[in-house]
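S.K.: As you go down the protein sequences, you meet chains A, B and C in turn.
Residue 807 is where the first sequence starts when you use the working numbering, and the numbers rise one by one after that.
Residue 6 is where the second sequence starts when you use the working numbering, and the numbers rise one by one after that.
Residue 88 is where the third sequence starts when you use the working numbering, and the numbers rise one by one after that.
For glycine and all other residues, C-beta sits at the position ideal for the given N, C-alpha and C.
The structure displayed is predicted, hence computed values, not measured ones.
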Amino acid sequence: MQFLIDNFDLFWDAFLTTLSLSLLACLVALVLGTLLAAMRVSPIAPLRGLATFYVETFRNTPLTVVFFFMIFGLPQIDFVIGFFTGAVLSVGLYTAAFVCEALRSGINSVSPGQAEAARALGLTFGQSLREVVLPQAFRTVVPPLGNVLIAMVKNTSIAAGFSVSELSSLLPRLVNASAGDLTAILVGVVVGYMIITLPSALAVHRIERRVAILR
Amino acid sequence: MRITRYAAAIAATGVVLAGCSSDAGETTEDAAGGGAEVADDVSFDEGTTMAELAESGTITVGTKFDQPGFGLAGPDGVPEGFDVEMAELIAAELGIATDDIEWVETVSANRESFIQNEDVDMVVATYTINDSRKELIDFAGPYYEAGQDIMVAAGNPLGIEGPDDLAGLNVCSVEGSTPAEEIRTNYPEATLTLFDVYSKCADALRNGQVDAVTTDNVILTGLVAGAPDEFELVGNPFTEEPYGIGITKGDDEFRSFINDTLEASFEDGSWAEAWDRTAGAITGTDAPEPPSVDRY
Amino acid sequence: MTTPVLFDVQGPRARARARVGSAIGAVLVLAIIVFVLLRLGGNGQLEPERWAILFDPASGVPQALGRALVRTLQVAAVAMVLATLLGLLLAVGRLSDHRWVRVPVSAVIEFFRAIPLLVVIFALYFVLPKYGVRLSTFTALTGGLVLYNMAVLAEIFRAGILSIDKGQREAGFGLGLRKSQVMTLILLPQATRRMLPVLVAQLVVLLKDTSLGFIISYLELLRQARGLVEYFNSLFGDRYTFQLYVAAGLIYILINVLLSMLARYTERRTNRAGRKAVTAEPADQMGAGAGAP
């Protein structure tokens, strides 16, 4: 316990890094994921193909490999980006594939009658998606989308291997400096993640209950 | 085991011939030939660690698998390097052949616990002797004196001469390592970039993502040797890092035995030969003066 | 036939517009690919000799990657089976009528869902020995994967069980079945079939997560690729770095795509048997696996 108090600043900084990394990556993932989901249900075949290719590639590659290409692969085509930016993009682009799949499953779960009715009213593809299908889809996707985003928070731990001093990077750092306090270090790191993930899980449950619609 | 290693060395040379030519490839072949002469007639006092090991005919050694020149595993998974040769010397003195050594990869974070839990009989893994570690385990040696140094892009465009010049620059090391802590504590004006392995630091330096890489000089020379046109060593060590052999705390007989073996190898030249075959081969330097063993 | 009927069959003008749009899109994608290839080529990354090392047995690289792949699959296979079984048990436990079962099971699930897998593996390998429990790298990695994924799978199974029509359960009780019989004979088989796509998606995640074994130096595929990078770095600088990581990435994609294909095949087989999974989506045009609850 004393150990955690002594090193509070370290844990606090790392916690803030994990938090900001998570929030920024979340933004990237939601925006790109929604776009991809729209592409996957669009009438234009090449767009569908492109989105499918994106999703299948990122869903089947370990995040560590994505990180590697972002940090060390991009310089091979003469782009160099900062480490934190690289981490935000890696986690964001990776998670976008999962967000897309969650949204698409939601879109598919909206009864076809809804889309048919929208078209019967003369709405275009974009309108029926925006005004009719997506709002309903978002309700059914609250639990899977919530799970994807919570998993994303935990996935930010990979950034420790790529020069982002977030919570998990404290493990090797403090373990080497003070091998005796292993348990205290672990507790500090675990609590740091729980402060983010547990309230998020609770919020997901709340929203789920509030927006639930009977079918 | 020797045969597979030799095959690996040939393969490495073959790759060189197919591609660019590099001095490093050819030296690997020499490196594969070494090894100590196994003592065939050994006897130790009943109950000692030496007697137990000699009796069982095997020894488990923890070493690094990713440290060029000291302990580096090739495609066949068998480590090679100066640390490995040191362990082979000690095993030979116990009557254990190289083939009967079981190698376990240790990373910085698990070296003490491996020894304390007796998962390994000894750890030879660029392991710096220091007082906080001595509270948990005991050290034989040192068998080598390294020092923290700095690696920069070839031509040293920023004119870095020592750690004081790192202020305001982006310097790379490995998270959880002693060199990283040294920079954090004594040179806080430098910006640290921390990966989990040094090869990533080398890539980052190559891409211009960092300005310098810092760790023990022997590790850096290994990186320079791989890309001599791209990197150079500043050559101004600013710490002392005596490498020791970690063993169970309180096993004084085993510690004395290892110290005796090390001193004998300093005397009869086998220590220098081991250096020439491994770390010396990639750095291209002659064996340094052996350090003096610290029998605390 | 795309599932949600979001757009009409296109008329001639829309088709023409779509064709123009497609052409522009294709040109753009092609341009990006050409740009990347040119830049890579300009940096010498496309030299055939640099890629030959991946296939030349004399370099030892294919053998090393092959052995590492086997180690990856060993961990993944054991962890998949155990995590699925424990996940089923936990899901049933969380739906139990008894508070003393429900509450601790929920706590276990929520705990392991809240912390990163990396931290779980680290704890099993580095912290447990402090309390006298020593695990091999294999056991620690497998254990971490099982603990984490059983919690995730439990939630998936629970959602599946809850999604089964109430009438099924009531009919089961009506036939005089006991609670355990209703669960094992009626609810679980249907829930498992319905959840198959999500289940497989999670197993793909598990397989990828074996790459976290690097933190305890278990020599799986990615760790081996990195080991080879370190080895060749010391001989030739970064000559083969890019190639080795590309190889590792492609192997993961290949294995996971095969796994997804197997899943789709099984799904079709079970559907053909006439017991159509109610919410399972009709096969998508592009044939992508789904993650639909």
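#1: If we ignore side chains and look at the alpha-carbon of each, how far apart do residue 153 of chain C and residue 240 of chain C end up?
#2: How about residue 211 of chain C and residue 330 of chain C: are their beta carbons less than 9 Å apart?
#3: So for residue 175 of chain B, helix, strand or coil by DSSP?
#4: Based on Cα-Cα distance, which residue from C:357, C:319, C:295 and C:304 lies nearest to residue 340 of chain C?
#5: State the start and end residues of the unbroken beta strand (DSSP E) segment that holds residue 132 of chain B.
#6: Considering only residues of the same chain and omitting the five flanking positions on each side of residue 36 of chain B, which have a CB-CB separation below 8 Å?
#7: With a threshold of 9 Å between beta-carbons, can residue 970 of chain A be considered close to chain C, or not?
#8: For residue 203 of chain B and residue 220 of chain B, which I take to be in contact (beta-carbon distance under 8 Å), what is that distance rounded to the nearest angstrom?
#9: What does the Cβ neighbour count give for residue 823 of chain A, buried or exposed, with the cut at 16 atoms within 10 Å?
#10: Can a CB atom of chain C be found closer than 9 Å to the CB of residue 111 of chain B?
#11: Touch check for the region 232 to 252 of chain B and the region 142 to 162 of chain B: three-plus C-beta pairs under 8 Å?
#12: For residue 315 of chain C and residue 887 of chain A, I'd like the C-alpha separation in whole angstroms.
#13: Which of helix, strand or coil does DSSP assign to residue 900 of chain A?
#14: Since residue 67 of chain B is in the beta strand (DSSP E), which residue starts that stretch and which ends it?
#15: DSSP beta-bridge partners for residue 278 of chain B?
#16: Where does residue 153 of chain B fall in DSSP's three states?
#17: Would residue 18 of chain B be called buried (16 or more neighbouring beta carbons within 10 Å of its own) or exposed?
#18: Out of curiosity, what's the CA-to-CA distance linking residue 100 of chain C and residue 851 of chain A?
#19: So is residue 966 of chain A in contact with chain B if we call contact Cβ pairs under 9 Å?
#20: Quick check: the Cα distance between residue 922 of chain A and residue 98 of chain C, rounded to an integer number of angstroms?
#21: For a quick check, are the C-beta atoms of residue 153 of chain B and residue 194 of chain B less than 9 Å apart?
#22: With 16 as the cutoff for other CB atoms within 10 Å, does residue 865 of chain A come out buried or exposed?
#23: Suppose only complete runs of 4+ residues qualify. What are the alpha helix (DSSP H) ranges in the region 193 to 236 of chain C, listed by chain order?
#24: In angstroms with no decimal places, state the Cα-to-Cα distance between residue 149 of chain C and residue 50 of chain B.
#25: Out of B:144, B:273 and B:174, which has the shortest C-alpha to C-alpha gap to residue 260 of chain B?
#26: Starting from the beta carbon of residue 87 of chain B, find every residue of chain C whose beta carbon is closer than 8 Å, and list them in chain order.
#27: Any C-beta of chain B sitting closer than 9 Å to the C-beta of residue 977 of chain A?
#28: Just to confirm the assignment, what range does the beta strand (DSSP E) spanning residue 276 of chain C have?
#29: Per the contact definition of three or more C-beta pairs closer than 8 Å, is the region 220 to 239 of chain B in contact with the region 93 to 100 of chain B?
#30: At what residue ranges does the region 219 to 253 of chain B contain a whole run of the alpha helix (DSSP H), taking only runs of 4 or more?
#31: What are the complete alpha helix (DSSP H) segments, minimum 4 residues, inside the region 914 to 982 of chain A?
#32: Using a Cβ-Cβ cutoff of 8 Å, what residues of the region 874 to 893 of chain A are near chain C? List them in chain order.
#33: So is residue 11 of chain B buried or exposed if we call it buried at 16+ other beta carbons inside 10 Å?
#34: How many Å lie between residue 273 of chain B and residue 72 of chain B at the Cα?
#35: Express the C-alpha separation of residue 828 of chain A and residue 65 of chain B in angstroms, rounding to a whole number.
#36: Does DSSP put residue 109 of chain B in a helix, in a strand, or in coil?
M.R.: In short, the structure shows the following:
#1: Taking the first residue of the third sequence as position 1, residue 153 of chain C is located at position 66. Taking the first residue of the third sequence as position 1, residue 240 of chain C is located at position 153. When rounded, the distance between both Cα atoms is 29 Å.
#2: Here the question's residue 211 of chain C lines up with position 124 in the third sequence. Here the question's residue 330 of chain C lines up with position 243 in the third sequence. Not a contact, by the Cβ cut-off of 9 Å.
#3: Against the second sequence, residue 175 of chain B aligns to sequence position 170. Note: residue 175 of chain B maps to strand in three-state DSSP.
#4: As a position in the third sequence, residue 340 of chain C is number 253, starting the count at 1. Checked all of C:357, C:319, C:295 and C:304; the closest Cα to residue 340 of chain C is C:295.
#5: Taking the first residue of the second sequence as 1, we reach residue 132 of chain B at position 127. From DSSP, the beta strand (DSSP E) with residue 132 of chain B extends over 127 to 133.
#6: Taking the second sequence and counting its residues from 1, the one referred to as residue 36 of chain B is at position 31. Legend: pLDDT at residue 36 of chain B = 38, less than 50; position of this residue unreliable, no value from coordinates given.
#7: Indexing the first sequence from 1 puts residue 970 of chain A at position 164. With 9 Å as the cut-off, residue 970 of chain A does not count as an interface residue toward chain C.
#8: In the second sequence, residue 203 of chain B corresponds to position 198, counting from 1. In the second sequence, residue 220 of chain B corresponds to position 215, counting from 1. Contact flag correct, Cβ pair sits at about 6 Å.
#9: In the first sequence, counting from the first residue as 1, residue 823 of chain A sits at position 17. Residue 823 of chain A should be labelled buried.
#10: Translated into the one-based positions of the second sequence, residue 111 of chain B becomes position 106. It does; some Cβ of chain C falls within 9 Å.
#11: yes
#12: Working through the third sequence from its first residue, we reach residue 315 of chain C at position 228. Working through the first sequence from its first residue, we reach residue 887 of chain A at position 81. If you take the alpha carbons of residue 315 of chain C and residue 887 of chain A, they lie about 26 Å apart.
#13: By one-based count along the first sequence, residue 900 of chain A stands at place 94. DSSP places residue 900 of chain A in helix when its eight states are reduced to three.
#14: To locate residue 67 of chain B, count along the second sequence from 1; it is residue 62. Start and end: 64 to 68.
#15: Your numbering for residue 278 of chain B matches position 273 in the second sequence. Note: residue 278 of chain B sits in no beta bridge, so no partner.
#16: Counted from its first residue, the second sequence places residue 153 of chain B at position 148. In the structure shown, residue 153 of chain B sits in a strand (DSSP, three-state: E or B).
#17: The residue you call residue 18 of chain B lines up with position 13 of the second sequence. Low local confidence applies: a pLDDT of 45 at residue 18 of chain B is under 50, so the model's placement there is unreliable, and no value is given.
#18: Numbered from its first residue, the third sequence carries residue 100 of chain C at position 13. Numbered from its first residue, the first sequence carries residue 851 of chain A at position 45. So the two alpha carbons sit approximately 16 Å from each other.
#19: Working through the first sequence from its first residue, we reach residue 966 of chain A at position 160. For residue 966 of chain A, the answer is yes, since a Cβ of chain B falls inside 9 Å of its Cβ.
#20: Within the first sequence, the letter at position 116 stands for residue 922 of chain A. Within the third sequence, the letter at position 11 stands for residue 98 of chain C. Between residue 922 of chain A and residue 98 of chain C, the C-alpha separation is close to 18 Å.
#21: Against the second sequence, residue 153 of chain B aligns to sequence position 148. Against the second sequence, residue 194 of chain B aligns to sequence position 189. Contact flag unset, no.
#22: Stepping through the first sequence from its first residue, residue 865 of chain A is reached at position 59. It is buried - the Cβ of residue 865 of chain A has at least 16 other Cβ atoms within 10 Å.
#23: 204 to 209
#24: Indexing the third sequence from 1 puts residue 149 of chain C at position 62. Indexing the second sequence from 1 puts residue 50 of chain B at position 45. Each residue's alpha carbon lies about 48 Å from the other.
#25: Here residue 260 of chain B refers to the residue found at position 255 when the second sequence is read from its first residue. Nearest of B:144, B:273 and B:174 to residue 260 of chain B, Cα basis: B:144.
#26: Here residue 87 of chain B refers to the residue found at position 82 when the second sequence is read from its first residue. Within 8 Å Cβ-Cβ: nothing; residue 87 of chain B doesn't reach chain C, min ~13 Å.
#27: To locate residue 977 of chain A, count along the first sequence from 1; it is residue 171. Judged by the 9 Å Cβ criterion, residue 977 of chain A is in contact with chain B.
#28: For this step, residue 276 of chain C is matched to residue 189 along the third sequence. Residue 276 of chain C -> not in any beta strand (DSSP E); alpha helix (DSSP H) instead, spanning 275 to 296.
#29: no
#30: 222 to 231
#31: 918 to 926, 940 to 946 and 948 to 961
#32: 874, 875, 878, 879, 882, 883 and 884
#33: The sequence position of residue 11 of chain B within the second sequence is 6, counting from 1. In this prediction, residue 11 of chain B scores a pLDDT of 37, lower than 50, which makes its location untrustworthy; no coordinate-derived value is stated.
#34: The residue given as residue 273 of chain B occupies position 268 in the second sequence. The residue given as residue 72 of chain B occupies position 67 in the second sequence. Rounded to the nearest angstrom, the two C-alpha atoms are 27 Å apart.
#35: Start at 1 with the first residue of the second sequence, and residue 65 of chain B comes out as number 60. Start at 1 with the first residue of the first sequence, and residue 828 of chain A comes out as number 22. C-alpha separation (whole angstroms): 43 Å.
#36: Locating residue 109 of chain B in the second sequence gives position 104, where the first residue counts as 1. Of the three classes helix, strand and coil, the one that applies to residue 109 of chain B here is strand, per DSSP.
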